[in-house]
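Residue numbers (the working numbering): 4 to 291.
Backbone N, C-alpha and C fix where the C-beta goes; we use that ideal spot for every residue, glycine too.
In what follows, a single structure is set out as structure tokens and then discussed.
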Ligand SMILES: [Zn+2]
Ligand SMILES: [Zn+2]
Ligand SMILES: [Zn+2]
């Protein structure tokens with residue numbers, strides 16, 4: 004059975020399958036305009052783009068998109084770690100077990116529901132977020148559950164006394180320079196023209212004429228500048244892996260520039276202007 008059919012069977016109507024990163028982005032932009040929580044099941048290796056590139060674009064369209072990355076590679080592989088750093092919500096090894104997928108989507112829906120709910124008198128929200136995060140700060144718990152830090156702290160102390168929660172080391176995290184929220188997402192862009200329209204690629208430097216450009220400009224191994232053929236790697240040319248190339252201005256850069264965007268108030272700020280907040284860290288004690 005295909006994932007698509009499995010999701011339909013679970014009752015999800017709005018399931019779309021795209022075979023390329025480009026087609027996926029187009030569909031995503033359409034869906035993001037509606038008020039749905041977009042959940043993206045992303046294959047690490049697409050024919051036209053890799054997952055990190057797709058995620059950069061996804062988050063620029065909707066900074067709170069949830070991306071579940073599926074890949075056959077091991078989790079400790081650099082590329083997967085990189086993708087998680089770039090904001091993937093979680094990673095599922097291929098082949099995806101349908102049960103796992105069902106659970107993940109359920110958690111995402113619950114999270115969304117709790118975030119949308121009006122604050123209630125009960126403390127169930129705090130417990131919920133303790134359950135869904137391996138470690139979480141007091142600050143974040145208070146914000147997610149829409150409660151005062153002092154109230155959350157009192158409740159956590161109770162849980163601690165009951166042996167259900169342990170206090171871990173303090174957590175330092177970025178908060179919005181405008182509203183203080185810790186729901187912050189990253190935004191990547193070209194350091195030269197600030198466009199987010201860039202791609203990852205391989206650069207080729209032709210030693211003889213000094214031309215440096217993306218590998219697909221060397222059609223049939225012909226240098227686009229001097230029209231001579233490039234022959235032996237390391238001898239007359241070299242490849243520089245994992246570079247970013249701006250599609251709008253042509254700038255080439257090893258790392259995209261990065262800003263932060265507050266999910267709550269949409270304030271955009273640089274790392275230098277970020278406020279760092281430190282608060283107590285907590286983790287749910289695992290039973291058994
Ligand atoms: Zn803010
Ligand atoms: Zn640019
Ligand atoms: Zn050349």
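Q) In whole angstroms, what is the alpha-carbon distance linking residue 279 and residue 11? A) Residue 279 sits at position 276 when you count from the first residue of the chain shown. Residue 11 sits at position 8 when you count from the first residue of the chain shown. Answer to the nearest angstrom: the Cα atoms are 43 Å apart.
Q. Should residue 69 be counted as a contact of ligand 1 given a C-beta to heavy atom distance under 7 Å?
A. Residue numbering aside, residue 69 sits at position 66 when the chain shown is read from its first letter. In this structure, the C-beta of residue 69 stays at least 7 Å away from each heavy atom of ligand 1.
Q: To the nearest angstrom, report how far apart residue 176 and residue 230 are at their CA atoms.
A: Position 173 of the chain shown, counted from the first residue, corresponds to residue 176. Position 227 of the chain shown, counted from the first residue, corresponds to residue 230. Rounded to the nearest angstrom, the two C-alpha atoms are 51 Å apart.
Q: Report buried or exposed for residue 74, applying the criterion of at least 16 other Cβ atoms within 10 angstroms of its Cβ.
A: On the chain shown, residue 74 is found 71 positions in, with the first residue counted as 1. Classification of residue 74: buried, given that the 10 Å Cβ count is 16 or more.
**Q.** C-alpha gap between residue 45 and residue 195, whole angstroms
**A.** The residue you call residue 45 lines up with position 42 of the chain shown. The residue you call residue 195 lines up with position 192 of the chain shown. Across the structure, residue 45 and residue 195 are spaced so that their CA atoms are roughly 29 Å apart.
**Q.** Three-pair Cβ contact test at 8 Å for the region 174-192 versus the region 262-280
**A.** Output reads yes: the region 262-280 touches the region 174-192.
Q) Do residue 155 and residue 133 have their CB atoms nearer than 8 Å? A) In the chain shown, residue 155 corresponds to position 152, counting from 1. In the chain shown, residue 133 corresponds to position 130, counting from 1. At least 8 Å separates the beta-carbon of residue 155 from that of residue 133.
Q) Excluding the five sequence neighbours on either side, which residues of its own chain have a C-beta within less than 6 Å of the C-beta of residue 167, listed in chain order? A) Within the chain shown, residue 167 is the residue found at index 164, counting from 1. Hits under 6 Å: 288.
Q: Report all residues from its chain with a CB closer than 7 Å to the CB of residue 126; omit the five preceding and five following residues, and keep chain order.
A: For this step, residue 126 is matched to residue 123 along the chain shown. Below a pLDDT of 50, predicted positions are generally treated as unreliable, and residue 126, at 47, falls in that range; the measurement from the model is reported next regardless. Excluding sequence neighbours, residue 126 sits near 158.
(Q) Per the DSSP calculation, residue 282 is bridged to which residue(s)? (A) To locate residue 282, count along the chain shown from 1; it is residue 279. Answer by DSSP bridge pairing, in chain order: 174.
Q | CB-CB length for residue 19 against residue 29, believed under 8 Å | A | Here residue 19 refers to the residue found at position 16 when the chain shown is read from its first residue. Here residue 29 refers to the residue found at position 26 when the chain shown is read from its first residue. Rounded to the nearest angstrom, the Cβ distance from residue 19 to residue 29 is 10 Å, too far for a contact under 8 Å.
(Q) Beta-carbon within less than 8 Å of residue 34's beta-carbon, same chain only, minus the 5 sequence neighbours each way: which residues are those? (A) Counted from its first residue, the chain shown places residue 34 at position 31. Setting aside the 5 residues that flank it on each side, residue 34 is surrounded in the same chain by 17, 19 and 41, each with a C-beta closer than 8 Å to its C-beta; the list follows chain order.
Q: Determine which residues share a DSSP beta bridge with residue 188 and list them.
A: Working through the chain shown from its first residue, we reach residue 188 at position 185. Note: residue 188 is bridge-paired with 264 in the DSSP secondary-structure output.
Q: State the beta-bridge partners of residue 203 as determined by DSSP.
A: The residue you call residue 203 lines up with position 200 of the chain shown. Paired residue(s): 247.
Q: Determine the DSSP secondary structure at residue 195, reduced to helix, strand or coil.
A: Along the chain shown, one-based indexing puts residue 195 at 192. Note: residue 195 maps to coil in three-state DSSP.
Q) So residue 146 packs on residue 107, CB below 8 Å; how close in whole Å? A) The count along the chain shown starts at 1 and reaches residue 146 at position 143. The count along the chain shown starts at 1 and reaches residue 107 at position 104. Contact flag wrong, Cβ pair sits at about 23 Å.
Q) Under a three-way DSSP split, which group does residue 18 fall into? A) By one-based count along the chain shown, residue 18 stands at place 15. Residue 18 falls in the coil class under three-state DSSP.
Q. Any contact of the region 192-206 with the region 235-249, i.e. 3+ C-beta pairs under 8 Å?
A. As far as the Cβ criterion goes, the region 192-206 touches the region 235-249, which means the pair count is three or higher.
Q) Count the other CB atoms within 10 Å of the CB of residue 121; is the residue buried (16 or more) or exposed (fewer)? A) Translated into the one-based positions of the chain shown, residue 121 becomes position 118. Confidence is the limiting factor: at residue 121 the pLDDT is only 49, short of 50, which leaves the residue's position unreliable and the question unanswerable from this model.
Q) Can you tell which of 136, 253, 223 and 95 has the C-alpha that lies nearest to the C-alpha of residue 47? A) Your numbering for residue 47 matches position 44 in the chain shown. Minimum Cα distance to residue 47 is reached at 95.
Q. Span of the alpha helix (DSSP H) holding residue 235?
A. Start at 1 with the first residue of the chain shown, and residue 235 comes out as number 232. In this chain, residue 235 is not harboured by any alpha helix (DSSP H), its DSSP state being neither H nor E.
Q) residue 44 bridges to which residues according to DSSP? A) Position 41 of the chain shown, counted from the start, is the residue given in the question as residue 44. Here residue 44 is bridged, per DSSP, to 71.
Q.
By the three-class DSSP mapping on this structure, what secondary structure does residue 122 have?
A. Working through the chain shown from its first residue, we reach residue 122 at position 119. Note that residue 122 scores a pLDDT of 47, beneath 50, so its modelled location is shaky and nothing firm can be said.
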